[in-house]
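Chemist:
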Amino acid sequence: MAMNTGGRLVAGSHNRNEFVLINADEIGRIKAVHELSGQTCQICADELEIINEEPFVACNECAFPVCRICYEYERKEGTQACPQCKTRYKRIKGFARVEGDEDEDGIDDLENEFDYVKSEPVGFTQNGGAVGSVYGGLSGSATMPGHDSSQGIDIPLLTNGEECAEIAHDQSAIIVPLFASNVNGIHATPPGTTAPLHPRPMVPEKDLAVYGYGSVAWKDRMEEWRRRQNEKLQVVKHQGTNDDDFDGGDFGADLPMMDEGRQPLSRKLPIASSRINPYRMVIILRLAVLALFFHYRILHPVPGAYSLWMTSVICEIWFATSWILDQFPKWYPIERETYLDRLSLRYEKEGKPSELADVDVFVSTVDPMKEPPLITANTVLSILASDYPVDKVSCYVSDDGAAMLTFEALSETSEFARKWVPFSKKFNIEPRAPEWYFSQKIDYLKNKVHPSFVRERRAMKREYEEFKVRINRLVAMAEKVPDDGWTMQDGTPWPGNNVRDHPGMIQVFLGHEGLHDNEGNVLPRLVYVSREKRPGFEHHKKAGAMNSLIRVSAVLSNAPYLLNVDCDHYINNSKALREAMCFLMDPTSGKKVCYVQFPQRFDGIDRHDRYSNRNVVFFDINMKGLDGLQGPIYVGTGCVFRRQALYGFDAPTKKKAPSKTCNCWPKWCCLCCGSRKSKKGKSRKAKRGKKSKHKEASKQVHALETIEEGIEEINTIDRPFISQEKLEKKFGQSPVFVASTLLENGGMPNSISSTSLLKEAIHVISCGYEDKTEWGKEVGWIYGSVTEDILTGFKMHCHGWRSVYCMPKRPAFKGSAPINLSDRLHQVLRWALGSVEIFLSKHCPIWYGYGGGLKWLERFSYINSVVYPWTSIPLLVYCTLPAICLLTGKFIVPEISNYAGIIFIALFITIAVTGILEMQWGGVGLDDWWRNEQFWVIGGVSSHLFALFQGLLKVLAGVSTNFTVTSKGGDEDGGFAELYLFKWTSLLIPPTTLLIINIVGVVVGVADAVNNGYDSWGPLFGRLFFAIWVIMHLYPFLKGLMGKQEGVPTVIIIWSILLSSILTLVWVRINPFVSRDGPVLEICGLNCDD
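For this note's numbering, add 205 to where a residue sits in the sequence shown, where the first one is 1.
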């Protein structure tokens, strides 16, 4: 119900909780306060709260009708100003303090000013609808009946507190104040009682249009503003409860639900204190035990084996340092929860076009013979069928091998998508990759499914089988390349016949006008891209291909957000894009998020995960820990980026948090501080007083002009002006692309034709476009390492951005991983080689990025990510020590005393307890944790070691090394045949040698103990434990060597025997524990002649 003011101006004063009614025609007419009741909020249209028969007042300048919830929201999340007069809202007693309140004086509310979630007692009106809080500070200076009324009421004048001779006493406005008690706060005036009211003088000739109320222009602008508010925020009104069931203490927490669309789109879920606090205590205890351990180890050398002792201590110090770098970034682990319903309420309103942001999806592939086209096709189909507005999605497939097989397969995929996409969305199936959907071992007929679904599913499965036949036929044809190269259907040669020398190619398969699915609906855009390659140019492998996709997409669609996936990572959760938008499009915290990283999940891995392909410890423990700091690192796939962050812009500056200060302390409590604060307060008041008189008249008029601009003002990011010349030097010589970089929210100009855009797109993927620009240095994916993902995320964090780790209940993405031992080691080799390259570059996190926005614990994690390959050297040496100790009879520690035994036991216990607690709060099973520990040793003594030497050769000597693309085919033969397939690689030699010499050492040690009697078993125990520890960690490697065969392959036996024999002969020749002068003979003390 709208408030009827009879065309009069409504003014008010917050400090005295009063209304002033100024009648344009009848000045001085007295109105009762009940005429002001029944107002509706001009923002959300809810009725204003009534507090003891008095409406809630938000603005003390113009009394613009705003409810309590909208007032609190505007102060926390909005412009903090009245929508009409643009006067900054002052804090009402009972509300939390926000930024800028420290400049206001006169309100002491220590109980509420720093409490953002405290519930206020409320009372119902008679109709059970609107509710209002009782604010103890909203008191006037009027007296209650029975009190001394001679004190009067201090009423501010409209003439800034000055009497005016022009104003007659009968020309006055009427003020209706509240009556307050000095002790119990606000109390309503009893019916029938009156109080002496002092008139407020005013100038009748003053133009009331200055106030903005009552005019036709004001009404039109107000209706327009309300209409835009309703479009931007979907209002869900809270349903009132019955008076009998009302609990005033709990109702305050439910008040924000009056507008569900304004609530945060996600929230943090800290790990329970019962789990995380013991974990942190054990870490501190483990540090203390480590200090005692090294104190003992350094002060107690082994007299007869000094070199063994020194070597072991150096290795242990390195392991402890590596543990610290890995452990402390997990100090603040968190989880997150998203609210997809709130996202829809805010950005998808019924009957309106969707306001969700556009997303460009990048799919990268190189060699179709190693990355099967059927796998890539399934990934593309899952993207096109995702649960996101079709006009908001564009899929770009990068073919860096310029293979005609990929082009033809994508053409077939676009045709099949016209059938698959409507079927997926009609029945809301999961996952929306047909290969994995039809291979699910579930009963799709249960739960009384509709007969039409069964019929259409069977028809679609037949269609997909035919689609697979066509794709496999293309693969079979591609195995025999014609002598003169491939020819297209129109007879022209395929431009990519020469992989290293071909022009750029772009083909738009879907998304152009006239091409719809079988039900007549629009399909998402599907674009094939193959960048230009010429001899003599550096193309930077995957990073260069991704940067080309950034530029092409900016020219053709320019979505503000980008998703990149590998060709074998399909969308397993159709709402994955919506999950990411809950973070990136959150108006409160999304502006500083550069990317949302999803965990990698895999299909087709053996049940025991022999080689730790799932990497559960990293994705479920380490990444959660990083999310509590500055965010997870970028892992190369399954990541949604903010385009502006990839352009190398700095993160928006963070607003200064409101200082928790108050002026409630007595002056005698802190004389110096109190005097300084009062002086500052007086100076602020004086400045505000001078400015207010000058701006009073113009403020209201300006508010009327900008009533609808309040919300937009908070959505802009201030950036320094950059000249066109600098932009072209940074982004390249493309005016269309350079212009697109300035559009924070994306979008395309309407004046450019599609033909011109395609020509510009070809230009930006030319091989010389990046010359003399900042591409790969500060813009896009960063060059300089084969693991461009770590380097790219590191640069973003150095610019002050933060990232987010999103783990929906249904995994967002799934892919395939190499289950074969050799392929797995080559994959780890590639990752380790990239870390070595970063370590030896200028971007090493040990010395790069100081003074930026990178947090210290986040830096620790990046240092650990580039240092871990160097651990291979001490790890290899340390795994060799048990065999040496068993063969020589020496040990790395002297005879253990009781004190040393306690330290060693405490160290092992803290290591075990740390792992157990990590598994508990991370949700990781014991089997996954143990497989991770085993493969850390296997990869450390093989892939990491080779990567270290290859990286040194590449960086220092300029010798470039190539690695094989990991096979991404499915398990076609069934039974995990690939798991048992043996592929020879030099990476197998070091762990095999370690395994053999430790087994030989155990045999020799036990045989020696049997020969020497009972007393030799005690010293043997430590050496045996040490050797068995190594063998247990290498056990999955041993199973991989055996496979399904009964024996080890001959090549492995030959290499291992050869190396073991060489090491044994060398050791006998240079054994440092045997005297150079021959054996030392001592008299045993027994008389043999008797």
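Note that the Cβ used here is the ideal one computed from N, Cα and C, for glycine as well.
1) Excluding the five sequence neighbours on either side, which residues of its own chain have a C-beta within less than 7 Å of the C-beta of Ser939, listed in chain order?
2) Using the three-state DSSP reduction, which class does Met486 fall into: helix, strand or coil?
3) Thinking just about the alpha-carbon of each residue, which of Ile274, Arg302 and Cys264 is nearest to the one in Ala286?
4) Locate the beta strand (DSSP E) running through Cys799, then write down its first and last residues.
5) How many Å lie between Leu834 and Pro698 at the Cα?
6) Determine the closest residue to Thr1197 out of Phe1226, Leu1157 and Leu1246, with distance taken between C-alpha atoms.
7) Quick one: what does DSSP say Trp986 is sitting in, helix, strand or coil?
8) Start and end of the alpha helix (DSSP H) containing Pro1224?
9) Comparing alpha-carbon positions, which option in Tyr669, Gln289, Ile1121 and Val626 lies nearest Val487?
10) Among the residues of its own chain, which have a CB less than 8 Å from the CB of Gly978, if the five just before and after it don't count?
11) Express the C-alpha separation of Leu1161 and Arg637 in angstroms, rounding to a whole number.
12) Beta-carbon separation of Pro538 and Phe1065 under 7 Å?
13) Which same chain residues, not among the five before or five after Lys738, have their C-beta less than 8 Å away from its C-beta?
14) Name the two residues that bound the continuous alpha helix (DSSP H) containing Asp791.
15) Less than 8 Å between C-beta atoms, sequence neighbours within five positions excluded: which residues of the same chain meet that for Val585?
16) Would Val564 and Ala764 qualify as a contact pair, given that the criterion is a beta-carbon distance under 7 Å?
17) How far does the alpha helix (DSSP H) with Arg1064 in it extend, from its first residue to its last?
18) Can you look up Pro475 in the DSSP assignment and give me helix, strand or coil?
19) Go through its chain and collect everything with a Cβ distance to Leu1045's Cβ below 6 Å, but skip five positions before and after it.
20) Would you list the residues sitting across from His655 in a DSSP beta bridge?
21) Could you compute how far the alpha carbon of Leu1157 sits from the alpha carbon of Ala748?
22) With Ala1022 and Phe803 assumed to form a contact (beta carbons below 8 Å), what rounded beta-carbon distance in angstroms separates them?
23) Express the C-alpha separation of Leu1030 and Trp625 in angstroms, rounding to a whole number.
24) Please report the straight-line C-alpha distance between Phe823 and Val1129, rounded to a whole angstrom.
25) Taking the Cβ atom as the reference point for each residue, do Asp855 and Gly1005 lie within a distance shorter than 7 Å?
26) Using the Cα positions of Asn1203 and Gly1020, report the straight-line distance between them to the nearest angstrom.
27) For Leu1200, which three-state DSSP category applies?
28) Suppose the cutoff is 8 Å on Cβ atoms and the five residues either side in sequence are ignored; what does the same chain contact list for Met1237 look like?
29) Tell whether a beta-carbon distance below 7 Å holds between Phe1242 and Ile1143.
30) Relative to the C-alpha of Arg467, which candidate in Ile838, Leu490, Tyr552 and Asn769 has its C-alpha closest?
31) Measuring CA to CA, which of Arg273, Phe1151 and Gly1227 is closest to Ser1191?
32) Taking all protein chains shown into account, do 16 or more other C-beta atoms lie within 10 angstroms of the C-beta of Met609, making it buried, or fewer, making it exposed?
33) Can you tell me where the alpha helix (DSSP H) holding Ser971 begins and where it ends?
34) Hey, would you say Leu1193 sits closer than 7 Å to Leu1239, going by beta carbons?
35) Flag this pair as touching only if the region 1091–1098 and the region 505–522 have three or more C-beta atom pairs under 8 Å; answer yes or no.
36) Does the distance between the C-beta of Thr697 and the nearest non-hydrogen atom of the ligand PLP fall short of 6 Å?
Modeler: Straight from the coordinates:
1) Glu965, His968 and Val969
2) helix
3) Cys264
4) Val798 to Gln802
5) 54 Å
6) Leu1246
7) coil
8) Trp1222 to His1238
9) Ile1121
10) For the sequence presented, residue 978 should be read as Thr rather than Gly. Within the same chain, Thr978 has close Cβ partners Lys934, Lys935, Phe936, Gly937 and Val984.
11) 48 Å
12) no
13) Ala607, Val704, Arg705, Asp706, His707, His744 and Cys972
14) That residue, Asp791, is in no alpha helix (DSSP H); it is neither H nor E in DSSP.
15) Val568, Cys600, Val602, Leu615, Thr618, Ala622 and Leu731
16) yes
17) Trp1061 to Val1072
18) strand
19) Val1160
20) His655 pairs with nothing; no bridge assigned.
21) 22 Å
22) Their Cβ separation, rounded to whole angstroms, is 16 Å, which puts Ala1022 and Phe803 out of contact at 8 Å.
23) 37 Å
24) 10 Å
25) yes
26) 37 Å
27) helix
28) Gln1139
29) yes
30) Tyr552
31) Phe1151
32) buried
33) Element bounds for Ser971: n/a, residue is neither H nor E.
34) no
35) yes
36) Among the components modelled here there is no ligand, and therefore nothing to report on the ligand PLP.
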